[in-house]
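To keep things clear, I will list the structure first and then write my remarks on it.
Protein chains: 2
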Amino acid sequence: MPKASKKRTRRSQASVEGRAHAFPGAIWGLTILGSLSLNLFTIALLASLYEGHGPLGCEAGSSGFVAEPEKAVLLASPQSSAEEVEMVSAEEISVSSTTGSPPTSKDAIINLDHGDPTVYEAFWKRMGERGDIVLPGWQTMSYFSDVSNLCWFLEPEFAHQVRRLHSLVGNAVVDDGRFIIVGTGSTQLFQAALYALSPPDAAEPMSVVSAIPYYSSYPTVTDYLRSGLYRWAGDASTFEGDAYIELVCSPNNPDGSIREAVLSSKNGKTIHDLAYYWPQYTAITGAADHDIMLFTVSKSTGHAGARLGWALVKDKDVAQRMTKFIELNTIGVSKDSQLRVAKILKVVLDMYELPGNKHRLFEYGRRQMSMRWRKLRAAVKASGIFSLPEFQSSLCRFTGEETETYPAFAWLKCEKEGVEDCESFLRNHKLLTRSGRHFGVEAKYVRISMLDRDETFDLFIQRLLSLR
Amino acid sequence: MPKASKKRTRRSQASVEGRAHAFPGAIWGLTILGSLSLNLFTIALLASLYEGHGPLGCEAGSSGFVAEPEKAVLLASPQSSAEEVEMVSAEEISVSSTTGSPPTSKDAIINLDHGDPTVYEAFWKRMGERGDIVLPGWQTMSYFSDVSNLCWFLEPEFAHQVRRLHSLVGNAVVDDGRFIIVGTGSTQLFQAALYALSPPDAAEPMSVVSAIPYYSSYPTVTDYLRSGLYRWAGDASTFEGDAYIELVCSPNNPDGSIREAVLSSKNGKTIHDLAYYWPQYTAITGAADHDIMLFTVSKSTGHAGARLGWALVKDKDVAQRMTKFIELNTIGVSKDSQLRVAKILKVVLDMYELPGNKHRLFEYGRRQMSMRWRKLRAAVKASGIFSLPEFQSSLCRFTGEETETYPAFAWLKCEKEGVEDCESFLRNHKLLTRSGRHFGVEAKYVRISMLDRDETFDLFIQRLLSLR
Chain A
1 MPKASKKRTR RSQASVEGRA HAFPGAIWGL TILGSLSLNL FTIALLASLY
51 EGHGPLGCEA GSSGFVAEPE KAVLLASPQS SAEEVEMVSA EEISVSSTTG
101 SPPTSKDAII NLDHGDPTVY EAFWKRMGER GDIVLPGWQT MSYFSDVSNL
151 CWFLEPEFAH QVRRLHSLVG NAVVDDGRFI IVGTGSTQLF QAALYALSPP
201 DAAEPMSVVS AIPYYSSYPT VTDYLRSGLY RWAGDASTFE GDAYIELVCS
251 PNNPDGSIRE AVLSSKNGKT IHDLAYYWPQ YTAITGAADH DIMLFTVSKS
301 TGHAGARLGW ALVKDKDVAQ RMTKFIELNT IGVSKDSQLR VAKILKVVLD
351 MYELPGNKHR LFEYGRRQMS MRWRKLRAAV KASGIFSLPE FQSSLCRFTG
401 EETETYPAFA WLKCEKEGVE DCESFLRNHK LLTRSGRHFG VEAKYVRISM
451 LDRDETFDLF IQRLLSLR
Chain B
1 MPKASKKRTR RSQASVEGRA HAFPGAIWGL TILGSLSLNL FTIALLASLY
51 EGHGPLGCEA GSSGFVAEPE KAVLLASPQS SAEEVEMVSA EEISVSSTTG
101 SPPTSKDAII NLDHGDPTVY EAFWKRMGER GDIVLPGWQT MSYFSDVSNL
151 CWFLEPEFAH QVRRLHSLVG NAVVDDGRFI IVGTGSTQLF QAALYALSPP
201 DAAEPMSVVS AIPYYSSYPT VTDYLRSGLY RWAGDASTFE GDAYIELVCS
251 PNNPDGSIRE AVLSSKNGKT IHDLAYYWPQ YTAITGAADH DIMLFTVSKS
301 TGHAGARLGW ALVKDKDVAQ RMTKFIELNT IGVSKDSQLR VAKILKVVLD
351 MYELPGNKHR LFEYGRRQMS MRWRKLRAAV KASGIFSLPE FQSSLCRFTG
401 EETETYPAFA WLKCEKEGVE DCESFLRNHK LLTRSGRHFG VEAKYVRISM
451 LDRDETFDLF IQRLLSLR
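Chains A and B, in that order, give the protein sequences. Number 468 marks the last residue of the first sequence (UniProt numbering); no jumps. Number 468 marks the last residue of the second sequence (UniProt numbering); no jumps.
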């Protein structure tokens, strides 16, 4: 096993065995720092072997590997498209660490292809023991969480904190009539919704569409099982037909725009992916009130590793079919993650009830995002060869202030003459991003994660500033 | 919200907030007892509304609801079969609690349709704080666990304990060449294996087969998305064809028999579902060495709520494709559950390294199962209207003793004249079981969970003794 793994094993073990050693001083600090560096090292290493266009959830502008054998498979498959076969060449990349403060290497590989939300780690470290949870060995052994609930694997405490959260933020209607369905990330809930909205007895699969640029995983996740129930049908703006499922991601992954459905038909259905409708990224202009709304812990509190999302669903039959999907797919959702995230949400919410308290998640996130976007815009301006979307500011009902949009991803366009493929151009400068082609548009665009740790982000800005 | 849910919420909350209150005395005891009773109450209540043939994993002879709207759907679907449409009538069931010691009501509904492994709860309560884990708020936030591993979302500590476990028990080969793929229960891994073994470019879906009686969820889980990659093709024994995926569940769910593949062909593949190949259920006669072997925490330590399973996979390409499936399906697997189960397994394993220690999971399980089967066989004999399979004893290499088979499910045949439908007959006596029809055989058979809590099991035996 390589060194990196050993380090990680040791860290995990310590965490598993330890009891409430939240900030255990210098040795721990060094171990963690070392471990993080090695993680980044190996992520970069892997990036040289794997290609990135990631799985689901307008949530998961995040993970996403296509291993090489898979690529061969996709080439052979009738479903595959040109965008599936691109890969990062191993040869052109020399690996070095990209974390540590100050960065030890200015020419390290920087992987901002995935939206791994590690920017939030620092917040949770500052929270100390408050965010910890103890799970007794005998607890939650049963498959069942609450058999009186339609979603029988939903932990009541998790549901309670979710309702409390939306009530505080004001970003979605969570009245008593609304069903909460928990999922293994919003990725699973997206598939559950496709299953729930597709007629089971139709001769043809239901068309699934989203306006370009759409989240890069929607096509892949819709089609990987070649379901007879639904199939990817591309750009919603050019779709001709009456029956469809339209995916509306707002704020949109990848470009941060605020969106509404572009189609309208009696036989059409919509799924609203609201992974980024939180105060750190955009103004909360009102409580969303759509039929199916998807949220995820990954982009709200940053706990992507918990694999936890939730759907707010108006219609009982749809909620029942979504529950059925999750039952068949994974017989429910990790109770450990549900209890842990319930605790995390509770801490976030309790902090808003203490007057004068400074540990407020959304304010923290907003400060980070606003600072990063300021740096990014300055670097882009200085470079002279890139451009970024502009956003109008709006009144945020959560903060009570006029506020700008700070998306979780930068949708960068390369304006340099002669450069048609921005991803390749940046890769040649050891900067890994996701090509616009995966989002249904030109290769002049790339998507860049804004959610990595500070050290990585600052190195990214330096790199950008060095490009002409 | 009904009373049951409130009680549960309170319990969860206490657990979430508390720190290391493992056995908090009389009040807690009463609360838990009350909560458990109410759970059983609501399970029984739900059973009157929902029908049970359960999701996956020869693992999950466990959960499994088909909600009423779903049934309508299945009726309409071309995939549906007669077995999908049966339901429990709400009218004929009056609900009462089935737990508590001694049982307060002799005529309560007893739900042994699902294989909820609550028999292990008592063991973990006796283990006290040893099984507890603390999860710090800042930990495992990233999507990535170990990017140097093919299965990049596999926590190294979980993998380490899995290898240790198989080395101790001797039930499967886990040499270094073998890949470990973690899944959200073996249900997800089963689907990952179907995906991995099906040619992506075939004109026809791959045939998926298993010898009758096969686990009732195999057909449903194979077909619910109407995949173009694979489709359920029924009983392996009567299958004619060259290309197939054969599911081999051993010991078999539902009948406890030790199985090998019944088909053999160059183009055939097998998935070995070894959910019950543990010393509490059967003799460990050697280390299984198949291409794909599935295991689950639900039936080994009893932590069904963690939704965690693992596959041992020989072939790298297959392992990569399975990983890809899980990435597309849920972007990995709950790290919280992986760390928690790593701790659980560590405790189980450590107990085997302490000489003279009495807290040994497999011995505990074996004692329970052997006692329960003795009681069951006596009751069946006394009734005169049922029969059970007989098993040969074998030398168990783990215990070093000649040992009988004590399956996690009783495969009961009704021999009473005039009774063709054993499930209905038992349901009329408020005993909920799963009909043989769901397993591809006659309705004279039913499958009964042997893994419920003591109180429920004892009530079941009394009920059986009252039938003539």
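C-beta: ideal position from N, C-alpha, C; glycine also. In this text, all values refer to a predicted model and were calculated from it rather than measured experimentally.
Leaving out the 5 sequence neighbours to the left and right, which residues in its chain are closer than 6 Å to residue i when beta-carbon positions are compared?
| i | result |
| --- | --- |
| N252/A | R259 |
| E157/B | A342 |
| K430/B | I109 |
| Y195/B | F325 |
| P24/A | Confidence is the limiting factor: at P24/A the pLDDT is only 40, short of 50, which leaves the residue's position unreliable, though a coordinate-based value still follows. Closer than 6 Å at the Cβ level, and outside the excluded window around P24/A, lies no residue. |
| D242/A | S265 and N267 |
| P254/B | P213, F409, W411, F439 and R447 |
| K413/B | S387, K444 and Y445 |
| V119/B | Q368 and L451 |
Report the CB separation of residue i from residue j in whole angstroms; it is logged as a contact under 8 Å.
| i | j | result |
| --- | --- | --- |
| A233/B | V208/B | 6 Å |
| M369/B | Y281/B | 6 Å |
| L294/A | I271/A | 7 Å |
| V182/A | Q320/A | Contact flag wrong, Cβ pair sits at about 14 Å. |
| K335/A | S145/A | 6 Å |
| L328/A | T220/B | 6 Å |
Would you mind stating whether residue i and residue j have Cβ atoms separated by less than 8 Å?
| i | j | result |
| --- | --- | --- |
| R164/B | L349/B | yes |
| A193/B | I292/B | yes |
| G305/B | S142/A | yes |
| R453/B | R434/B | no |
| W124/A | W138/B | yes |
| A275/B | T301/B | no |
| I245/A | L197/A | yes |
| E402/A | F391/A | no |
| A283/A | L395/A | yes |
| T187/A | I331/B | yes |
| R226/B | G228/A | yes |
| T222/A | Y215/A | no |
| T184/B | T184/A | yes |
| P136/B | D116/A | no |
| V134/B | V347/A | no |
Which chain A residues are close to residue i, counting only those with a beta carbon under 9 Å from its beta carbon?
| i | result |
| --- | --- |
| S227/B | L225, R226, S227 and G228 |
| H429/B | None at all; the shortest Cβ gap to chain A is about 22 Å. |
| I271/B | What I271/B touches in chain A: nothing, since even the nearest Cβ is about 17 Å away. |
| P117/B | M141, S142 and Y143 |
What residues in its chain sit with their C-beta under 7 Å from that of residue i, if we drop five residues either side in the sequence?
| i | result |
| --- | --- |
| K106/B | Q462 |
| residue 476/A | Examination of residue 476/A is not possible in this model, given that chain A is present from 1 through 468 alone. |
Please list the partners that residue i has in chain B, where partner means a Cβ-to-Cβ separation under 8 Å.
| i | result |
| --- | --- |
| H114/A | Y143 |
| D175/A | Under the 8 Å cutoff, chain B gives no residues; its nearest Cβ is about 14 Å from D175/A. |
| Q188/A | N329 and T330 |
For a contact meaning CB atoms closer than 9 Å, what does residue i contact in chain B?
| i | result |
| --- | --- |
| W124/A | P136, G137, W138, Q139 and M141 |
| Y120/A | W138 and M141 |
Among the residues of its own chain, which have a CB less than 8 Å from the CB of residue i, if the five just before and after it don't count?
| i | result |
| --- | --- |
| L465/B | A379, A382 and S383 |
| V174/B | V162, R163, H166, S167, I180 and L312 |
| L376/B | L388, A410, M450, I461 and L464 |
| L150/B | F179, K316, A319, Q320 and T323 |
Going along chain A, which residues have a C-beta under 7 Å from residue i?
| i | result |
| --- | --- |
| V221/B | L328 |
| M127/B | G137 |
| S337/B | S334, D336 and S337 |
| A304/B | M141, S142 and Y143 |
| G400/B | By Cβ distance, chain A contributes nothing, its closest Cβ being about 28 Å from G400/B, past 7 Å. |
| G256/B | By Cβ distance, chain A contributes nothing, its closest Cβ being about 21 Å from G256/B, past 7 Å. |
Who are the neighbours of residue i on chain B, taking C-beta pairs under 7 Å?
| i | result |
| --- | --- |
| Q368/A | In chain order: nothing, as chain B lies at least about 14 Å away. |
Segment contact flag, the region 203 to 217 of chain A with the region 228 to 242 of chain A, C-beta cutoff 8 Å, min 3 pairs: Counting Cβ pairs under 8 Å, three or more are found: they touch.
Cβ contact check for the region 437 to 445 of chain B and the region 411 to 425 of chain B: 3 or more pairs under 8 Å: Yes, the region 437 to 445 of chain B touches the region 411 to 425 of chain B.
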